[in-house]
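Report on one structure; see the data block that follows.
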Amino acid sequence: MEPKLKPLEVVAISVLLALWSLINRANAMPQVPCYFIFGDSLSDNGNNNNLPTLARVNYQPYGIDFPQGPTGRFSNGRTMQDFVVELLGFQQYMPPFAHSVGTNITNGVNYASGSAGIRYETGRNLGARISFDQQIINHKIIISRIRLSMRNNTATNSLLRRCIYSVQIGSNDYINNYFRPESYATSRRFTLPEYATALIQQLSLQLKRLYEKGARKFAVYGLGLLGCTPDAISRYGTNGSLCVDRLNEAATLFNDRLKPLIAQLNTNLTDAKFTYLNPTGTQADLATFVTNSSCCITGGGGGELCLRNSQPCSMRSQYLFFDGVHTSEAWNEIIARSAYASNSQLQASPVNIQQLATL
Ligand SMILES: *[C@@H]1O[C@H](CO)[C@@H](O)[C@H](O)[C@H]1NC(C)=O
Ligand SMILES: *[C@@H]1O[C@H](CO)[C@@H](O)[C@H](O)[C@H]1NC(C)=O
Ligand SMILES: *[C@@H]1O[C@H](CO)[C@@H](O)[C@H](O)[C@H]1NC(C)=O
Ligand SMILES: *[C@@H]1O[C@H](CO)[C@@H](O)[C@H](O)[C@H]1NC(C)=O
Ligand SMILES: *[C@@H]1O[C@H](CO)[C@@H](O)[C@H](O)[C@H]1NC(C)=O
370 MEPKLKPLEV
380 VAISVLLALW
390 SLINRANAMP
400 QVPCYFIFGD
410 SLSDNGNNNN
420 LPTLARVNYQ
430 PYGIDFPQGP
440 TGRFSNGRTM
450 QDFVVELLGF
460 QQYMPPFAHS
470 VGTNITNGVN
480 YASGSAGIRY
490 ETGRNLGARI
500 SFDQQIINHK
510 IIISRIRLSM
520 RNNTATNSLL
530 RRCIYSVQIG
540 SNDYINNYFR
550 PESYATSRRF
560 TLPEYATALI
570 QQLSLQLKRL
580 YEKGARKFAV
590 YGLGLLGCTP
600 DAISRYGTNG
610 SLCVDRLNEA
620 ATLFNDRLKP
630 LIAQLNTNLT
640 DAKFTYLNPT
650 GTQADLATFV
660 TNSSCCITGG
670 GGGELCLRNS
680 QPCSMRSQYL
690 FFDGVHTSEA
700 WNEIIARSAY
710 ASNSQLQASP
720 VNIQQLATL
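Under the working numbering, the first residue of the sequence shown carries the number 370, and numbering increases by one thereafter.
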């Protein structure tokens, strides 16, 4: 017979175990030393809060399911990037560049800005924004700060090589540029295939600039189904289809050029690894979600955002869209898990984020 533990001993052991797991959690190393986020409102976590733009959401009901409430995240809770950061084992979300002075930036920074695009003028219809080019300039500022604090260029270069650089951008080059002919001339200057080619050429140069600044691990996202958002459907009508076909066609043209770009970059820049991630879930994922309406009452921002202080739907985890264009926390988690761990080449090609981290 084994000796029975007295109740007090059981308590003591439980406390020890709890302490041990707490210590382990605090000391758990993330799978990469740092994670840098470039993009638009899908990734923004506060960079637009103090910009003169309609594309800002530091008000309720945004953040209703986020511990800190409204932070500038364009969702009811965590963004897709927040989930990826958690899955990579970081203890904290990446600070927004706008609030990075005086914060610890050694784990990475979030440069993303709502309404921003690959092109400089994209998003101008809504106001100020931080274009991808400017986000790259901001990254150079952060690199200088890291160099200064590490005081060792060899060590800094080695650190920067091991970080993951996430890039999810391009939606606004369509929905806040090409498909707003009243504000932009691009649809008169380019056909849709020409426009996709021009965007991909510019994106290629931008990714190479990050490479020149020491980046070696790139997670690049394609465009989602731009024509299936509640805002697109109400704005343009579907002419009998389920979605706005021309917007989805635009996204497909873009993605069909992005995938070969990623392959070429992998061939040409042999000491770097680029991977393509699909931000649209599978049909099976979609089946359990309400896809045809927003959770919140829209009309804020340029019409697509939630109305300030409005009451959102109560079953938020069942909605694909929180507002007219941005997805719910529940959906963001599904996409993040797919990007992080999917073994399907349709979702992550050639590798998923977990594999990218170990390379
Ligand atoms: C910043 O964070 C890193 C990693 O989390 C840690 O090692 C470092 O000590 C922190 N630096 C400061 C100044 O807090
Ligand atoms: C700088 O970092 C490298 C690589 O981490 C290390 O080998 C070297 O000793 C460091 N140099 C100094 C002066 O600390
Ligand atoms: C609407 O659909 C019809 C039938 O498919 C097609 O002939 C027509 O060109 C479409 N109109 C627009 C504006 O796309
Ligand atoms: C890769 O290299 C080939 C051959 O030099 C070149 O034609 C192509 O433009 C390069 N692609 C990229 C994305 O740099
Ligand atoms: C969304 O779809 C459901 C189920 O098909 C339907 O009952 C509802 O009326 C639709 N809502 C809108 C706004 O189209």
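Built from N, CA and C at the ideal position, the CB exists for glycine as well. Predicted, not measured: the structure shown is a model, and the values here were computed from it.
Residue i beta carbon near ligand 4 (any heavy atom closer than 7 Å)
{"i": "L568", "result": "no"}
{"i": "N546", "result": "no"}
{"i": "N635", "result": "no"}
{"i": "L728", "result": "no"}
{"i": "S573", "result": "yes"}
{"i": "L630", "result": "yes"}
Nearest neighbour of residue i, chosen from the options [CA to CA]
{"i": "E673", "options": "S410, F435 and A397", "result": "S410"}
{"i": "M684", "options": "F435, L611, V659 and L595", "result": "V659"}
{"i": "R530", "options": "L634, S713 and K586", "result": "K586"}
{"i": "G408", "options": "N473, T651 and S484", "result": "S484"}
{"i": "Q570", "options": "Y534, Y645 and R488", "result": "R488"}
{"i": "Q716", "options": "L646, S697 and T657", "result": "L646"}
{"i": "F643", "options": "T491, Q724 and T696", "result": "Q724"}
{"i": "E563", "options": "T491, N507, F623 and L655", "result": "F623"}
{"i": "Q461", "options": "G591, N414 and Q575", "result": "N414"}
{"i": "Y534", "options": "I544, Q687 and P402", "result": "P402"}
{"i": "H468", "options": "G670, Y404 and Y480", "result": "Y480"}
{"i": "I515", "options": "L528, F443, Q503 and Q504", "result": "L528"}
{"i": "I544", "options": "Q504, Y688, G609 and L595", "result": "L595"}
{"i": "V453", "options": "K582, Q714, N701 and S713", "result": "N701"}
{"i": "A653", "options": "G693, L616 and I703", "result": "I703"}
Status (buried if at least 16 other CB within 10 Å, exposed otherwise) for residue i
{"i": "V470", "result": "exposed"}
{"i": "A726", "result": "buried"}
{"i": "P464", "result": "buried"}
{"i": "N445", "result": "buried"}
{"i": "N419", "result": "exposed"}
{"i": "S500", "result": "buried"}
{"i": "G473", "result": "Here residue 473 is Asn; the residue named in the question, Gly, does not match the sequence. The residue is exposed, with fewer than 16 neighbouring Cβ atoms inside 10 Å."}
{"i": "N393", "result": "At N393 the pLDDT is 48, less than 50, meaning the model places this residue with poor confidence and gives no usable figure here."}
{"i": "A708", "result": "buried"}
{"i": "N637", "result": "exposed"}
{"i": "L391", "result": "Below a pLDDT of 50, predicted positions are generally treated as unreliable, and L391, at 47, falls in that range; the measurement from the model is reported next regardless. Under this definition L391 is an exposed residue."}
{"i": "T639", "result": "exposed"}
{"i": "G650", "result": "buried"}
{"i": "S518", "result": "exposed"}
{"i": "P372", "result": "Confidence in P372 is poor, its pLDDT being 48 and thus under 50, which makes the residue's placement too unreliable to answer from."}
{"i": "G477", "result": "buried"}
{"i": "M398", "result": "exposed"}
{"i": "P681", "result": "buried"}
{"i": "G606", "result": "exposed"}
{"i": "A524", "result": "exposed"}
Residues bridged to residue i (per DSSP)
{"i": "Y590", "result": "L646"}
{"i": "G492", "result": "BP columns for G492 are empty, so no partner."}
{"i": "G483", "result": "Note: G483 sits in no beta bridge, so no partner."}
{"i": "N414", "result": "R442"}
{"i": "I406", "result": "N479 and S535"}
{"i": "F690", "result": "S663 and T696"}
{"i": "P465", "result": "N479"}
{"i": "L674", "result": "G669"}
{"i": "A717", "result": "L646"}
Residue i CB to nearest heavy atom of ligand 2 below 7 Å
{"i": "A565", "result": "no"}
{"i": "N521", "result": "yes"}
{"i": "S527", "result": "yes"}
{"i": "A554", "result": "no"}
{"i": "A705", "result": "no"}
{"i": "A524", "result": "yes"}
Host beta strand (DSSP E) of residue i (start-end)
{"i": "N661", "result": "V659 to S663"}
{"i": "T667", "result": "T667 to G669"}
Range of the contiguous alpha helix (DSSP H) that encloses residue i
{"i": "V426", "result": "No alpha helix (DSSP H) contains V426, which DSSP labels as neither H nor E."}
{"i": "I722", "result": "I722 to T727"}
{"i": "F459", "result": "First-last for F459: undefined, no H or E at that position."}
{"i": "Y640", "result": "First, the residue type needs correcting, since residue 640 is Asp and not Tyr in the sequence shown. Careful: D640 lies outside any alpha helix (DSSP H) and carries neither H nor E."}
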